Amino acid sequence: MSAGALSSRYRSAFVTGASTGLGLAFTEMLLAEGVEVWGTARDAARLAPRPGFHPVTLDLTDGPAAEQVFLAADRAAGGFDLVINNAGFGAFGSFAHTDFAVWEHQFQVMLVNTARLSHAALRGLRARRRGALVNISSIAGEFGMPYQAVYNAVKAGLSALNESLMQEVKDTGVAVIDFRPGDYRTDFEGSVRRPEQSGLEARDAGRMARAWAAFEAMMRTGPAPAHAAASLRRALLRGRSGTVRTGRFFQADLGPFLARFAPLGLKRWILEKYFGL
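Numbering (my numbering), first residue to last: 13 to 289.
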């Protein structure tokens, strides 16, 4: 397909977390295709001005307020043809030794409030009988990383939500895409929150240090974000619901094969070895 092919299907798009990482790569890809983009960040000053781009201040901490921001942007755009829920954050720590308020906040922001935006977006898309909703989940929902338990749970929850929505939008003209990236060079590890650990024993501290080192290495050696944007572009051009796994060969190809056919014990053993547990 030639450059600009997406704009014949998607006139306008709403992208959360558009200032860095995958969200920025998605935004740049869409703009290059001639799609008008409303991109969000908690601080709109982090969003570089450019033709066809509309900066939006949006903080997912407050779900009702975030929904109102989305609806206002939707009206300004005349109804979005494409909504990409990408914003989120990582938190690294022992589940038992971290104050539960940290995990509760992550559930609220990344699962509950993302679902809220999905609900608002899908109402408009279905009313217009066209377009696509893309929720960025993760391969971590299938291969849970140690010391990021709630991140894994949130991403698995988004994938489950997407699966249900795919069935609900069948034959409506709307597509739902469950986009599951692996590790990309986005400096995601640099923004991961490291909450205080209460009562952590030396053995646990050592295991956490080894797991963090393996996680950092994974992120720093992953593909460039443009690779993920190209995967999303191909999925959007197909114009149908589905699951997209993208990343390095092990995560996007071999990993799903193991998840489907290998014994759970083998999958757990591989993860334990990789993360030094």
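Cβ coordinates follow ideal geometry from the N, Cα and C atoms, glycine included. Quantities reported herein were computed from a predicted structural model and do not represent experimental measurements.
- When DSSP reads this structure, N147 sits in a beta bridge with N97, D190.
- For A25, the uninterrupted beta strand (DSSP E) segment begins and ends at 24 to 27.
- In this structure, the CA atom of G105 is about 44 Å from the CA atom of A17.
- Counting every other CB atom within 10 Å of its CB across the protein chains shown gives E45 a total of 16 or more, marking it as buried.
- Across the set V27, E154, R21, A274, the C-alpha of V27 shows the shortest separation from the C-alpha of D86.
- Residue range 48 to 53 is occupied by the beta strand (DSSP E) that includes E48.
- Apart from the 5 residues on each side of it in sequence, R128 sits with its Cβ closer than 6 Å to the Cβ of G75, E79 in its chain, given in chain order.
- Taking C-alpha positions only, A89 is separated from S24 by approximately 7 Å.
- L83 is a Cβ neighbour of A132, given a cutoff of 8 Å.
- Between V95 and V146, the gap from beta carbon to beta carbon is short of 8 Å.
- Here F65 is bridged, per DSSP, to V49.
- The three-state secondary structure of V121, taken from DSSP, is helix.
- Short of 6 Å from the beta carbon of L123, and not among the five residues preceding or following it, lie these beta carbons of its own chain, in chain order: V166, G169.
- Runs of the alpha helix (DSSP H) spanning 4 or more residues and lying entirely within the stretch 218 to 260 occur at 237 to 250, in chain order.
- Within the same chain, L36, F38, T39, V49, G51, T52, A53, L59, N98 come within 8 Å of A30 by CB-CB distance, once the 5 residues on both sides are set aside.
- For the pair A57 and P207, the CB atoms are not nearer than the 8 Å cut-off.
- In its chain, beyond the 5 residues on either side, A161 have a beta carbon closer than 6 Å to the beta carbon of F107.
- Under the three-state reduction of DSSP output, A274 falls in the coil class, being neither helix nor strand.
- Between the stretch 220 to 235 and the stretch 189 to 204 there are three or more C-beta pairs closer than 8 Å, enough to call the two in contact.
- If you check the CB distance, S150 and R205 do not come in under 8 Å.
- A distance below 8 Å separates the beta carbons of Y22 and G143.
- In this model, M178 and A240 are separated by some 21 Å (Cα to Cα).
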